[in-house]
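Here the structure is laid out as structure tokens; the discussion comes afterwards.
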Amino acid sequence: MPTAKHARGDVLFVLDPLETIHPKKDSSYLMIAEALRRGYQPWSVELPGLLLRGAEAVARAYPLGLHEPGAPLAPTGDPQVRSLASFRVVVMRKDPPVDPDFVTATWCLDRAVSHTLVINQPQGLRDLSEKLAILDFPEFIPRTFLLRNLGDLRDALDELGGQMIIKPVFGFGGREVLIAREGDPNLSTLFELATRDGSTWTIAQEFVPAAKNGDKRILLVDGEPIGAVMRVPAEGELRNNFHAGGSAALTQLTARDREICARLGPFLRERGQFFVGIDVLGEFLTEINVTSPTGMQEINRLGGLTGEETMQARFWAALEPRLR
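Numbering (my numbering), first residue to last: 18 to 341.
This is the structure in structure tokens:
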């Protein structure tokens, strides 16, 4: 039975190892701290702790707590093997890559969706490529190609005016994002690296000059925007991602941003993608991040947000009606 302190029940987070979750950087940390503040007992499980016993999804999980505000997350008890149906909600927050382990974990989570709330919905996590789902919104995106033949890449470069971005389909955190320019003596080598000598697909995308100013990460909860942060590249760096050295800057949603969000909202709700981060580069939508979007901490700090204005409070305020 839940204690008085945790009278609202147990919630499960599927996470990377606790030591990798930074109290001042990670959105997952804020979600869990807010769960504690609201009277829930958060539990944690890593991918190897997700199991199927026949058709029943179970987790080898342990309860989480904070010794004091701002302290690292820590287990407060021994691991227990529990049915996922015993939790009020299961929150999938495992970072990319979307690899065979990640996909297998979503198959485990599939077995829980008829018994408890799972966010984001596992089928959507599998179906929505973070870099290719944008193709459903051609009016908002740079010209984008999925290619693996070196000749096709050269044709795309010609079509895009002699300059384009190439990035891996399963990339994350800005890794392996390259700029290809006509006349570069390393061009053939770049194409060979991007496609592993023609053995895998790569994404070729129109270069957007506004990239020098950074891109905007917009967080959406249940299809509605709740906040945004500008990710500004370091001097001499192509990539804006925080993992690649990008810095956070205050920003506001533009009319174009709101138009994009309004179009995406029904699409995301229909696919059960409750917490999503989209990337907007100038006027263009470039990614729809559904796995474990970040940005909460930066938006809170830059906006001076406290109490019910914070990103984590807005997340839980939208989630709680579903728990009833």
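Yeah, the Cβ is synthetic: ideal placement off N, Cα and C, and Gly gets one too.
As the structure is a computational prediction, the values presented were derived from the model and not from experiment.
List the endpoints of the continuous alpha helix (DSSP H) containing residue i.
i	result
residue 176	167-176
residue 117	117-127
Have a look at residue i and residue j and give me their C-alpha separation to the nearest angstrom.
i	j	result
residue 18	residue 114	Unreliable positioning characterises residue 18 in this predicted model, as indicated by a pLDDT of 36, which lies under 50. The coordinate reading is nonetheless provided below. Going by the C-alpha atoms only, they are around 37 Å apart.
residue 327	residue 140	29 Å
residue 146	residue 112	14 Å
residue 348	residue 181	Nothing can be reported for residue 348: it is not among the residues displayed for the chain, which extend from 18 to 341.
residue 20	residue 64	Reliability fails at residue 20, whose pLDDT of 46 lies under 50, so the model's placement of it is uncertain and the value that follows must be treated cautiously. In a straight line, the C-alpha of residue 20 is about 28 Å away from that of residue 64.
residue 31	residue 194	28 Å
residue 333	residue 88	21 Å
residue 40	residue 175	46 Å
residue 34	residue 55	24 Å
residue 313	residue 217	34 Å
residue 149	residue 304	8 Å
For the beta strand (DSSP E) containing residue i, name the first residue and the last one.
i	result
residue 161	161-164
residue 221	219-223
residue 304	301-306
residue 294	292-298
residue 241	241-249
residue 27	27-31
residue 232	232-238
residue 100	97-100
Does the distance from the CB of residue i to the CB of residue j come in under 8 Å?
i	j	result
residue 158	residue 301	yes
residue 77	residue 94	no
residue 107	residue 47	no
residue 307	residue 137	yes
residue 68	residue 59	no
If residue i sits next to residue j, beta carbons under 8 Å apart, how far is it from one beta carbon to the other, in whole angstroms?
i	j	result
residue 272	residue 315	Going by Cβ atoms, the distance from residue 272 to residue 315 rounds to 23 Å, so no, they are not a contact pair.
residue 237	residue 295	7 Å
residue 75	residue 44	Actually they are not in contact, since the Cβ atoms of residue 75 and residue 44 sit about 26 Å apart, beyond 8 Å.
Any beta-carbon of chain C closer than 8 Å to the one on residue i?
i	result
residue 94	Note that chain C does not occur in the displayed structure, where there is just one protein chain.
Next item on the list: Could you say if the region 150-157 and the region 188-205 meet the contact criterion of at least three C-beta pairs nearer than 8 Å?
Entry: no
Check: Within the chosen definition, does the region 284-291 reach the region 205-212 through at least 3 CB pairs nearer than 8 Å?
Finding: no
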